[in-house]
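**Student:** According to this note's numbering, the residues represented by the sequence shown are -5 to 299, in order.
So that we are looking at the same thing, I have put the structure below in structure tokens.
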Amino acid sequence: MAMAWGVVLRGFLPLCLRRLACLTTNTYMGARIRPVRTDLTVPCRYPLWTTHPVRTLHMCPNLCAGHNKWSKVKNIKGPKDAARSRMFMKFGMMIRIAVKEGGSSNPEFNLALANVVEQCRGKNMPKVSIEAAIKGAEKSKTGTQHTYEARGPGGCMLLIDILTDNNTRSLQDLRHLLNKHGAALCDGVRHNFSRKGVVVTQGEGVSSERALELAIEAGAEDFQETEDEDEKPLLQFVCDMTELKKVRTSLEELGVRTVSAGLEFVSHTPTQLPQAQLEAALSLIEALSDCLDVVRVWDNIQAQS
């Protein structure tokens, strides 16, 4: 039996070698080329290459498809998720402030908390996250809230609201960030702002004349045109702090969909900046908004018409 297997192997091995000699295949720009025998002394009686259609596998990065899923996650979805996470974190800090100032974790008895919760819903913050933030505000250690005044590029004025448990560290970080962007802390800026109620509504399809009519009918003092993160038009109806709930209810009765409502600092001395200084100021505001201890940033920059 062993001798029989030896005879079979002696006949099989040369056959394999001849087939391997015909297996050399070259590719150029994704096209298959007929193999060439490397050993001309061995007759190729059993070529493996045929003319059947073959799907070529491209290994060159330049020839890969342009719908790579990871590139979308990394370049598009990743930054959006990070921005969304920072926004939800800011809302959690705003909830802590509202609970601290209002003295209650029940939105029915705390108007400031009710306004913040409404803003969270307007930004599609999950209900579970809102409830967790309210419960966390009751159990969290006491933090201190500070509003700092600063003057930025082009002389623009900023109010920076901070919530922190280490004021010394937060102040050092804030000064470093302002100095890096050509700004500095400055006294007297607060006098250029007034505490007002602001109701934000959707502005798509609403002309300036119609917005003015809505402001008069709802009892608002003024309105401003702005945009959200996706560059969709928004309308801000400014009113007295005590008239916030009334103005919001009136706008909803007039068929206007409200996005949020709350108390904000509104500038009564707006300023326009040249393009270079405007870009520097916006870069500073973005850097401040990304700071962990910063809750909100208000400015007196007027949009260029």
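From the three backbone atoms N, C-alpha and C, an ideal C-beta is built for every residue, glycine too.
Remember, predicted model here, so these are calculated numbers, not experimental data.
Using alpha carbons as the reference points, say which of E223, F217 and L282 lies closest to D234.
**Tutor:** As a first step, residue 234 is located in the sequence shown; it is residue number 240 there, counting from the start. The option with the nearest alpha carbon to D234 is F217.
**Student:** Using only alpha-carbon positions, find the residue among P147, D222 and A212 that is nearest to T265.
**Tutor:** The residue given as residue 265 occupies position 271 in the sequence shown. When each option's Cα is compared against that of T265, the closest is P147.
**Student:** Quick one: using the 10 Å Cβ neighbour count with 16 as the cut-off for buried, is S79 buried or exposed?
**Tutor:** Here residue 79 refers to the residue found at position 85 when the sequence shown is read from its first residue. S79 is exposed by the Cβ-count criterion.
**Student:** Hey, quick one: how far does the beta strand (DSSP E) through E221 stretch, first residue to last?
**Tutor:** The count along the sequence shown starts at 1 and reaches residue 221 at position 227. Its beta strand (DSSP E) spans residues D216 to E221.
**Student:** Using only CA atoms, which one of E203, Q113 and I210 lies nearest to G256?
**Tutor:** Taking the first residue of the sequence shown as 1, we reach residue 256 at position 262. Per the Cα distances, Q113.
**Student:** Measure the C-alpha to C-alpha separation of L282 and K240 and round it to an integer number of angstroms.
**Tutor:** Numbered from its first residue, the sequence shown carries residue 282 at position 288. Numbered from its first residue, the sequence shown carries residue 240 at position 246. L282 and K240: Cα-Cα distance of roughly 33 Å.
**Student:** Assign F231 to one of three DSSP states: helix, strand, or coil.
**Tutor:** Residue 231 sits at position 237 when you count from the first residue of the sequence shown. Of the three classes helix, strand and coil, the one that applies to F231 here is strand, per DSSP.
**Student:** State the start and end residues of the unbroken beta strand (DSSP E) segment that holds H140.
**Tutor:** Taking the sequence shown and counting its residues from 1, one reaches residue 140 at position 146. First-last of the beta strand (DSSP E) with H140: T138 to R145.
**Student:** Tell me Q196's beta-bridge partners as DSSP assigns them.
**Tutor:** Locating residue 196 in the sequence shown gives position 202, where the first residue counts as 1. Its beta-bridge partners are L228.
**Student:** Could you check whether M87 and V291 sit closer than 8 Å to each other, using their CB atoms as the reference points?
**Tutor:** Here residue 291 is taken as the residue at index 297 of the sequence shown, counted from 1. Here residue 87 is taken as the residue at index 93 of the sequence shown, counted from 1. In this structure, M87 does not lie closer than 8 Å to V291 by Cβ.
**Student:** Which residues in the same chain as G97 place their Cβ atom closer than 8 Å to its Cβ, once the five residues preceding and following it in sequence are excluded?
**Tutor:** In the sequence shown, residue 97 corresponds to position 103, counting from 1. Contacts found: N104.
**Student:** Hey, could you find the ends of the alpha helix (DSSP H) I210 is sitting in?
**Tutor:** Looking up residue 210 in the sequence shown gives position 216. Here the alpha helix (DSSP H) through I210 covers S202 to A212.
**Student:** Excluding the five sequence neighbours on either side, which residues of its own chain have a C-beta within less than 8 Å of the C-beta of E280, listed in chain order?
**Tutor:** Here residue 280 refers to the residue found at position 286 of the sequence shown. For E280, where only same-chain residues beyond five positions count, there are no Cβ hits under 8 Å.
**Student:** Quick check: the segment 151 to 162 against the segment 179 to 196, are at least 3 beta-carbon pairs closer than 8 Å?
**Tutor:** A contact exists between the segment 179 to 196 and the segment 151 to 162.
**Student:** What's the gap between the Cα of G116 and the Cα of S254?
**Tutor:** The count along the sequence shown starts at 1 and reaches residue 116 at position 122. The count along the sequence shown starts at 1 and reaches residue 254 at position 260. Those two C-alpha atoms are separated by around 6 Å.
**Student:** For I154, list the residues DSSP reports as bridge partners.
**Tutor:** Here residue 154 corresponds to residue number 160 of the sequence shown, with the count starting at 1. Answer is Y142 and V291.
**Student:** What is the rounded straight-line gap between the Cα of G199 and the Cα of E132?
**Tutor:** Position 205 of the sequence shown, counted from the first residue, corresponds to residue 199. Position 138 of the sequence shown, counted from the first residue, corresponds to residue 132. Those two C-alpha atoms are separated by around 42 Å.
**Student:** Does the Cβ-Cβ distance between L278 and H175 come in under 8 Å?
**Tutor:** One-based indexing of the sequence shown puts residue 278 at position 284. One-based indexing of the sequence shown puts residue 175 at position 181. The answer is yes: Cβ separation under 8 Å.
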